[in-house]
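Note that the protein sequences, when read in sequence, are chains A and B. Each number in the working numbering comes from the position in the first sequence (counting from 1) with 7 added on. Each number in the working numbering comes from the position in the second sequence (counting from 1) with 17 added on.
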Amino acid sequence: MGFRLSASLAFLAVMGAGTAALAQNEIKIGEINSYSGIPAFTEPYRKGWQLAVDEVNAAGGIGGKKIVVISKDDAGKPADAVTAANELVSREGVALLTGTFFSNIGLAVSDFAKQKKVFFMAAEPLTDAMTWSQGNRYTFRLRPSNYMQAAMLAEEAAKLPAKRWATIAPNYEYGQSAVTVFKQLLSAKRPDIEWVAEQWPPQGKIDAGAVVQAIAASKPEAILNVTFGPDLVKLAREGNTRGLFKDRAVVSFLTGEPEYLDPLKDETPEGWTVTGYPWYAIKAPEHDAFLKAYQAKFNDYPRLGSIVGYATMKSVAAILAKASSTDTDKMIEAAEGIELDSPFGKIAFRKSDHQSTLGAFVGKTAVKDGKGVMVDFGYRSGAKYLPSDDEVKKLRPAE
Amino acid sequence: MEFLAVQFLTGLASAASLFLVASGLSIIFGVTRIVNFAHGAFYMLGAYLAYTLTERLSGPLGFWGGLLTAALAIAAIGVIVEIMLLRRIYRAPELFQLLATFGLTLMVQDLVVMIWGPEDLVGPRAPGLKGAIEIFGQLVPRYDLFLIVLGPTVLGLLWLLFRRTRWGVLVRAATQDRDMVAALGVNQKWLFTSVFALGVFLAGLGGALQIPRDAVSHAMDLRIIVEAFVVVVIGGLGSVFGAFIAAVIVSELNAFGILILPKISLVLVFLVMAAILVFRPWGLFGRAEGQPRQTLGLTIRPWKPFTRTERIAAALAALVAALLPLVDGAYALTVAAEILVFTLFAASLGFLMTVGGLSSFGHAAYFGLGAYGAAFVAKSAGLPMEVALLVGPLLGLAGAVVFGWFCVRLSGVYFAMLTLAFAQITWSVAFQWVEGTGGDNGILGVWPSAWAANPERFYWLVLAITATGIAALRALAFSPFGYAMRAARDSDLRAEAIGIDRKRVQWTAFIVAGTFAGIAGALFAFLKGSVFPENLAIPLSIDGLVMVLLGGVETVSGAVAGAIVYKALAIWLVSQAEFSKLVLGGVIVTLVVAFPKGIVGFIEDMRARRPRAKAAAVAEAAE
Numbered sequence: 008m009g010f011r012l013s014a015s016l017a018f019l020a021v022m023g024a025g026t027a028a029l030a031q032n033e034i035k036i037g038e039i040n041s042y043s044g045i046p047a048f049t050e051p052y053r054k055g056w057q058l059a060v061d062e063v064n065a066a067g068g069i070g071g072k073k074i075v076v077i078s079k080d081d082a083g084k085p086a087d088a089v090t091a092a093n094e095l096v097s098r099e100g101v102a103l104l105t106g107t108f109f110s111n112i113g114l115a116v117s118d119f120a121k122q123k124k125v126f127f128m129a130a131e132p133l134t135d136a137m138t139w140s141q142g143n144r145y146t147f148r149l150r151p152s153n154y155m156q157a158a159m160l161a162e163e164a165a166k167l168p169a170k171r172w173a174t175i176a177p178n179y180e181y182g183q184s185a186v187t188v189f190k191q192l193l194s195a196k197r198p199d200i201e202w203v204a205e206q207w208p209p210q211g212k213i214d215a216g217a218v219v220q221a222i223a224a225s226k227p228e229a230i231l232n233v234t235f236g237p238d239l240v241k242l243a244r245e246g247n248t249r250g251l252f253k254d255r256a257v258v259s260f261l262t263g264e265p266e267y268l269d270p271l272k273d274e275t276p277e278g279w280t281v282t283g284y285p286w287y288a289i290k291a292p293e294h295d296a297f298l299k300a301y302q303a304k305f306n307d308y309p310r311l312g313s314i315v316g317y318a319t320m321k322s323v324a325a326i327l328a329k330a331s332s333t334d335t336d337k338m339i340e341a342a343e344g345i346e347l348d349s350p351f352g353k354i355a356f357r358k359s360d361h362q363s364t365l366g367a368f369v370g371k372t373a374v375k376d377g378k379g380v381m382v383d384f385g386y387r388s389g390a391k392y393l394p395s396d397d398e399v400k401k402l403r404p405a406e
Numbered sequence: 018m019e020f021l022a023v024q025f026l027t028g029l030a031s032a033a034s035l036f037l038v039a040s041g042l043s044i045i046f047g048v049t050r051i052v053n054f055a056h057g058a059f060y061m062l063g064a065y066l067a068y069t070l071t072e073r074l075s076g077p078l079g080f081w082g083g084l085l086t087a088a089l090a091i092a093a094i095g096v097i098v099e100i101m102l103l104r105r106i107y108r109a110p111e112l113f114q115l116l117a118t119f120g121l122t123l124m125v126q127d128l129v130v131m132i133w134g135p136e137d138l139v140g141p142r143a144p145g146l147k148g149a150i151e152i153f154g155q156l157v158p159r160y161d162l163f164l165i166v167l168g169p170t171v172l173g174l175l176w177l178l179f180r181r182t183r184w185g186v187l188v189r190a191a192t193q194d195r196d197m198v199a200a201l202g203v204n205q206k207w208l209f210t211s212v213f214a215l216g217v218f219l220a221g222l223g224g225a226l227q228i229p230r231d232a233v234s235h236a237m238d239l240r241i242i243v244e245a246f247v248v249v250v251i252g253g254l255g256s257v258f259g260a261f262i263a264a265v266i267v268s269e270l271n272a273f274g275i276l277i278l279p280k281i282s283l284v285l286v287f288l289v290m291a292a293i294l295v296f297r298p299w300g301l302f303g304r305a306e307g308q309p310r311q312t313l314g315l316t317i318r319p320w321k322p323f324t325r326t327e328r329i330a331a332a333l334a335a336l337v338a339a340l341l342p343l344v345d346g347a348y349a350l351t352v353a354a355e356i357l358v359f360t361l362f363a364a365s366l367g368f369l370m371t372v373g374g375l376s377s378f379g380h381a382a383y384f385g386l387g388a389y390g391a392a393f394v395a396k397s398a399g400l401p402m403e404v405a406l407l408v409g410p411l412l413g414l415a416g417a418v419v420f421g422w423f424c425v426r427l428s429g430v431y432f433a434m435l436t437l438a439f440a441q442i443t444w445s446v447a448f449q450w451v452e453g454t455g456g457d458n459g460i461l462g463v464w465p466s467a468w469a470a471n472p473e474r475f476y477w478l479v480l481a482i483t484a485t486g487i488a489a490l491r492a493l494a495f496s497p498f499g500y501a502m503r504a505a506r507d508s509d510l511r512a513e514a515i516g517i518d519r520k521r522v523q524w525t526a527f528i529v530a531g532t533f534a535g536i537a538g539a540l541f542a543f544l545k546g547s548v549f550p551e552n553l554a555i556p557l558s559i560d561g562l563v564m565v566l567l568g569g570v571e572t573v574s575g576a577v578a579g580a581i582v583y584k585a586l587a588i589w590l591v592s593q594a595e596f597s598k599l600v601l602g603g604v605i606v607t608l609v610v611a612f613p614k615g616i617v618g619f620i621e622d623m624r625a626r627r628p629r630a631k632a633a634a635v636a637e638a639a640e
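Structure, rendered in structure tokens:
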């Protein structure tokens with residue numbers, strides 16, 4: 008036993024020796040994401056923030072200091088994310104933390120930020136708990152939350168004549184809260200709606216044939232889908248073959264995002280109402296500039312992850328510039344209510360719940376040249392779909 | 018009624034896919050006794066390769082030829098793996114091959130992303146089987162009907178192969194008694210290689226057949242592997258027919274279960290497995306294993322308690338560890354604390370596996386229960402950390418009392434799989450019970466009391482508890498109770514003859530191990546500040562197994578070394594390396610080949626050899 012512990016000690020001592028002195032002319036930013044867990048989203052996301060870092064530094068950095076991002080993988084586990092956060096904060100001495108994809112990882116890092124009093128800009132996690140029931144003053148979030156996306160889709164769903172609705176959602180917090188909020192908002196607008204069936208396949212393990220049959224048996228007029236990734240592919244394939252989507256309206260979360268739409272190719276079900284990112288058809292100068300720079304740098308087209316990564320890092324840079332300090336309290340003060348430009352236009356971080364007003368595109372799916380695309384879409388600004396400051400106050404714990 | 022008939026067909030189609038993978042696993046296990054964790058990786062590679070081939074080749078011949086070529090190519094890879102890797106370690110302790118195949122799985126997960134990119138791939142539909150046929154007024158995909166026919170066809174072909182060929186006779190003989198087959202002069206090497214190739218071929222084919230209905234993604238392997246194991250165990254190890262029946266049962270229960278309970282899929286297979294194993298300890302069609310000829314205890318030199326010098330060395334090591342805060346900062350201390358927590362967790366599993374001979378595949382359950390217990394006490398009851406650390410592990414203890422009672426009625430892999438089933442059931446409760454456990458969003462804000470909040474103090478606290486725990490487990494191993502455990506492990510019959518109640522001894526051991534895992538879990542909760550269902554999920558159970566096996570399953574405290582090496586390496590790689598799984602998997606495979614008895618087992622071998630070498634040298638000099 009003796010040698011074992013001393014060997015471990017030696018190992019730790021070696022690890023400790025590398026602590027770098029803080030460079031005077033740079034600002035370190037700690038970034039954590041599930042690079043090995045969900046690369047389909049996080050690879051474009053990484054490219055997005057790399058582009059933003061290049062742009063900020065090419066424009067002279069922040070107050071003459073370059074920003075340097077130290078990026079860590081969390082292996083898709085909250086516990087590993089906390090280890091990484093610890094490394095970034097205590098060893099690398101980063102000014103703030105950013106990133107994360109999965110809701111539970113976002114929440115774990117957010118709680119870490121609260122405990123250690125570190126600024127945290129959450130990029131992707133969708134859970135409403137992030138800014139509301141588990142919200143804290145150190146945590147901000149860029150991406151439109153679950154609630155916001157549900158509200159955007161419920162608005163469209165209310166216009167449909169369908170009265171009998173069925174739901175299919177992955178059986179975890181994201182799927183559960185997406186369905187709950189969507190049901191609540193749609194039923195409020197349309198009291199005549201009846202919810203006739205629900206299916207909760209485990210995430211990543213959908214038995215698509217059985218699920219499609221079960222939903223079809225309830226004879227719904229419209230279907231809400233929350234599955235994504237491989238589950239969505241299986242569901243779409245089985246549903247197409249078994250005629251589930253024939254003469255039925257389908258409203259679907261995230262399906263228009265290139266990450267999830269592109270793999271479907273010519274099997275993309277047509278006419279679904281979805282949230283997403285039609286990068287090929289957006290006509291706005293802010294987006295054109297981003298698209299050009301992105302394609303020039305990476306010789307690839309952007310996914311929604313690229314937008315999230317880019318806008319996250321731009322937000323961080325704007326906050327640092329406004330605070331002109333890396334003091335946590337000053338950064339929080341600067342971030343509350345800050346306005347900045349994004350590829351989707353102007354966004355702001357609300358003071359009341361630290362949620363950004365970045366929105367999403369809502370449109371219909373179609374197949375063009377053997378590829379899935381979004382058509383008849385429009386941009387929905389997040390600001391329109393967020394509850395008022397007073398309502399939010401009730402949702403957030405008292406500080 | 019029509020609807021139910023069609024739902025039944027849908028279930029059968031799912032069963033066919035599952036059966037192909039499970040049958041291969043079952044055949045491999047039956048003959049070689051390898052718990053082939055990489056089976057899912059072969060399945061995934063089959064799908065990726067079939068995708069590439071069918072995209073390049075056109076027409077029906079291109080498609081079906083592509084699928085078959087992919088499966089054959091996977092079989093060829095399987096042969097290489099068997100010859101290069103597994104052959105070297107057949108003589109290693111039981112389950113050690115699991116470690117090698119686990120390493121391979123990690124490598125493949127990163128490799129497919131490197132080769133095929135991160136995005137999900139959607140392969141072509143099967144030519145000629147694209148649309149659907151109307152049956153009872155409902156549309157049933159043609160491809161499903163093809164799969165429904167394919168499943169029994171493969172079963173029939175395997176039956177013919179096993180009953181009508183000499184090779185098949187040898188395979189059946191080896192499944193029943195491989196020592197006897199070897200004694201009769203059959204070349205085991207090639208028998209094993211060919212069996213492995215057949216099993217892997219079936220996995221590759223199973224994967225390739227998925228491309229017209231599934232997306233090919235880098236997470237396919239883990240999706241199938243656990244379920245395939247469950248099917249094999251329900252059916253009875255080594256029984257291909259059993260695997261078929263089990264696949265049908267599981268798939269049909271799922272197809273109809275979701276009509277009544279839409280959330281049941283999450284846990285269904287594990288409920289079925291637990292229920293069946295409680296009533297049929299060897300699965301549906303499995304047979305009781307005969308008394309093993311070579312017991313675990315025979316392969317090792319007798320264990321000895323520490324000598325005086327060794328004791329002093331251990332105490333010194335603990336003292337040196339306690340000085341760590343003087344040389345390093347907060348991050349190193351939290352990493353060190355995490356490693357220590359896992360040494361205690363691994364030591365508790367090691368106690369069960371090495372002293373008790375009971376390999377648990379679900380040990381994370383007690384770790385997680387301890388963590389949740391602590392979180393409940395700290396958050397829901399609002400009590401301080403000290404109370405939570407005392408009370409929390411009791412939940413781990415309670416879980417071990419209940420589950421252990423059922424588990425110790427079983428032995429070998431069946432025991433392992435029942436522990437897995439209970440762990441998954443516990444996991445699904447933590448995952449589903451949103452009001453109590455917060456579901457997958459977990460319980461947040463479980464931070465230490467103010468006095469222990471700084472990293473140094475918390476590190477010392479963890480070190481004190483861990484060192485005491487490991488010392489206690491070691492003392493237990495050399496206590497009369499420890500000897501009773503070893504007796505029950507080495508020979509059930511002889512132990513009984515001298516008056517040892519095997520079940521009671523093993524149950525007690527299970528509870529002890531569960532409690533210490535619970536202590537580790539409670540510490541982990543306060544180290545991370547939060548508790549999530551992943552704290553009792555399968556990957557953590559596997560991590561525990563890897564640590565114990567890496568350290569050496571025939572040593573008393575090898576798990577401690579295994580935990581330190583594995584955890585430190587994993588943390589460092591995740592932080593530093595781009596493709597950390599590839600490197601970690603590669604390191605594990607290398608260690609497996611270099612140290613087939615584990616790290617500590619290797620060191621003990623070296624130490625045992627040294628005095629003899631010295632004596633020989635002295636004798637030589639005297640001549």
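Using N, Cα and C, we set each Cβ at its ideal position, and we do this for glycine too.
In the DSSP assignment, what residue or residues form a beta bridge with A/Q141?
-> Residue pairing by DSSP leaves A/Q141 without any beta bridge partner.
So, is the C-beta of A/E94 closer than 8 Å to a C-beta in chain B?
-> So, interface residue.
Which chain A residues sit within Cβ distance under 7 Å of B/N458?
-> For a Cβ distance threshold of 7 Å, residue set S110, N111, L114, T134, A136, E180 of chain A lies close to B/N458, ordered along the chain.
Expected contact under 8 Å - CB spacing of A/A195 and A/T234 to nearest Å = Actually they are not in contact, since the Cβ atoms of A/A195 and A/T234 sit about 25 Å apart, beyond 8 Å.
Kindly indicate the opening and closing residues of the beta strand (DSSP E) around A/L261.
-> Where A/L261 is concerned, the enclosing beta strand (DSSP E) stretches over 256-263.
List the whole-angstrom C-beta distance separating A/L133 from A/S110, where the pair is believed to meet the contact cut-off of C-beta under 8 Å.
-> Yes, A/L133 and A/S110 are in contact; Cβ-Cβ is about 6 Å, under 8 Å.
Determine the burial state of B/T27: buried for a count of at least 16 other Cβ atoms within 10 Å of its Cβ, exposed for fewer.
-> A residue is called buried once 16 or more other Cβ atoms fall within 10 Å of its Cβ, and B/T27 is buried on that count.
Check whether the Cβ atoms of A/M128 and A/L103 lie closer than 8 Å to each other.
-> Between A/M128 and A/L103, the CB-CB gap stays under 8 Å.
How far does the alpha helix (DSSP H) with A/K54 in it reach, from first residue to last?
-> A/K54 -> alpha helix (DSSP H) spans 46-65.
Anything in chain B within Cβ reach of A/V218, meaning under 8 Å, just list it in chain order.
-> Neighbours of A/V218 across chain B, judged by C-beta separation under 8 Å: I275.
Please state if the CB of B/I275 and the CB of B/S268 are separated by a distance shorter than 8 Å.
-> 8 Å or more divides the Cβ of B/S268 from the Cβ of B/I275.
Beta-carbon proximity of B/L74 to B/G82, cut-off 8 Å | Between B/L74 and B/G82, the CB-CB gap stays under 8 Å.
Are the C-beta atoms of A/K226 and some chain B residue less than 8 Å apart?
-> Against chain B, the CB of A/K226 has no partner CB under 8 Å away; the residue lies outside that interface.
Where B/L557 and A/K84 are concerned, what is the direct C-alpha to C-alpha distance, given to the nearest angstrom?
-> When rounded, the distance between both Cα atoms is 11 Å.
Any residues in the stretch 80-93 of chain A with a beta carbon nearer than 7 Å to a beta carbon of chain B? Which ones, in chain order?
-> For chain B, the residues of the stretch 80-93 of chain A that bring a beta carbon within less than 7 Å of one of its beta carbons are D80, A82, K84, P85, A86, D87, V89, T90, A91, N93, in chain order.
Can you tell me the Cα-Cα spacing of A/K431 and A/S322, whole angstroms?
-> Not covered by the structure: residue 431 of chain A. The range shown for chain A is 8 to 406.
Of the residues B/V284, B/W422, B/S34, B/A363, which one's Cα is nearest the Cα of B/G486?
-> The residue among B/V284, B/W422, B/S34, B/A363 with its C-alpha nearest the C-alpha of B/G486 is B/A363.
Starting from the beta carbon of B/Q24, find every residue of chain A whose beta carbon is closer than 7 Å, and list them in chain order.
-> Result: A217, Q220.
Taking only beta-carbon atoms, is B/N204 less than 8 Å away from chain A?
-> It does not; no Cβ of chain A falls within 8 Å.
Would you call the CB atoms of B/S376 and B/L567 closer than 8 Å?
-> For the 8 Å CB-CB criterion, B/S376 and B/L567 do not form a contact.
What in chain A is Cβ-close to B/N271, meaning under 7 Å?
-> Going along chain A in sequence order, the residues near B/N271 (Cβ under 7 Å) are D214, A217.
Take A/G142 as the anchor and find which of A/K121, A/T364, A/A130 has the nearest alpha-carbon.
-> If we check each option's Cα against that of A/G142, A/K121 comes out closest.
In DSSP terms, what A/G283 is bridged to | BP columns for A/G283 point to A/G263, A/F368.
B/F80 versus B/A92: straight-line alpha-carbon distance, rounded = For B/F80 and B/A92, the distance between alpha carbons rounds to 19 Å.
What residues in the stretch 213-242 of chain B have a beta carbon less than 7 Å from any beta carbon of chain A?
-> So the close ones are R230, D231, A232, S234, A236, R240.
Would you mind sorting A/S331 into buried or exposed? The rule is 16 or more other CB atoms within 10 Å of its CB.
-> Under this definition A/S331 is an exposed residue.
So does the stretch 259-266 of chain B actually touch the stretch 94-103 of chain B, counting three or more Cβ pairs closer than 8 Å?
-> Fewer than three Cβ pairs drawn from the stretch 259-266 of chain B and the stretch 94-103 of chain B lie within less than 8 Å of each other, which leaves the two stretches out of contact.
Boundaries (first-last residue) of the alpha helix (DSSP H) holding B/S40 | B/S40 -> alpha helix (DSSP H) spans 19-49.
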